[in-house]
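In the numbering used here, the protein residues as written are 66 to 261.
Encoded as structure tokens, the structure appears first; notes follow it.
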């Protein structure tokens with residue numbers, strides 16, 4: 066494996082680290098002063114497609130991280146958690162996109178309930194998975210690169226804020242930091258000798 070094997074996942078991680086906060090700040094700003102899912106701007110316009118792109122890039126980054134972990138560290142302890150994280154990430158982004166795309170055919174109350182259910186449920190599941198991933202990574206922290214340890218600590222904080230739901234606005238800052246750390250991790254030179 067050479068350093069270029071994870072060039073594109075690094076680019077995808079940088080894109081997510083930039084697009085994620087920009088998207089959510091834009092969405093919150095366009096909702097007005099009250100945060101209510103009944104006021105959510107339903108349309109399948111450019112923002113919806115950017116949301117779906119963020120989700121696809123996110124899945125790609127987590128898949129690449131899982132692959133890198135096995136290839137560079139022969140470390141499979143996080144495979145199940147990352148696999149579930151990929152599935153939940155896909156369900157969250159596709160579910161929110163589907164509700165947005167189908168919104169003209171359903172009433173406001175249905176859309177509000179659907180969006181709130183997906184959002185809150187996903188936040189809690191993301192929080193549990195992020196904490197579990199962080200614990201698994203920190204458990205073997207001495208064997209892992211510094212950037213992975215930094216990612217684990219940020220992910221632990223991220224999970225705690227996600228579980229609280231009310232303090233989840235911190236995700237707008239913490240998630241890009243975690244993903245940016247993964248980008249740097251993708252671009253670093255391997256510290257271990259790989260067995261082929």
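Glycine included, every Cβ here is placed at the ideal spot set by N, Cα and C.
Just verifying my parser: in three-state terms, what is the DSSP assignment at residue 144? Residue 144 sits at position 79 when you count from the first residue of the chain shown. Three-state DSSP puts residue 144 in a helix.
Report the option in 210, 192 and 164 whose CA atom is closest to the CA atom of residue 181. Numbered from its first residue, the chain shown carries residue 181 at position 116. Taking only the C-alpha atoms, the option nearest residue 181 is 164.
Counting only beta-carbon atoms, is residue 225 nearer than 7 Å to chain C? Chain labels in this structure do not include chain C; a single protein chain is all it has.
For residue 224 versus residue 196, is the C-beta distance shorter than 7 Å? Residue 224 sits at position 159 when you count from the first residue of the chain shown. Residue 196 sits at position 131 when you count from the first residue of the chain shown. The answer is yes: Cβ separation under 7 Å.
DSSP state of residue 210, grouped into three classes? Translated into positions along the chain shown, residue 210 becomes position 145. Residue state, collapsed to three classes: coil.
Suppose the cutoff is 7 Å on Cβ atoms and the five residues either side in sequence are ignored; what does the same chain contact list for residue 243 look like? For the purposes of this step, residue 243 is identified with residue 178 of the chain shown, where counting begins at 1. These residues qualify, in order along the chain: 216, 219, 220 and 223.
For the stretch 136 to 147 against the stretch 73 to 88, are there 3 or more C-beta pairs whose distance is under 8 Å? no
If you follow the alpha helix (DSSP H) that residue 74 is in, where does it begin and where does it stop? For the purposes of this step, residue 74 is taken as the residue at position 9 of the chain shown. Here the alpha helix (DSSP H) through residue 74 covers 72 to 96.
In the structure shown, what three-state DSSP assignment does residue 230 receive? Residue mapping note: residue 230 aligns to position 165 of the chain shown, counting from 1. Coil at residue 230, not helix or strand.
Please classify residue 227 as buried or exposed, where buried requires at least 16 neighbouring CB atoms within 10 angstroms. For the purposes of this step, residue 227 is taken as residue 162 along the chain shown, with counting starting at 1. It counts as buried.
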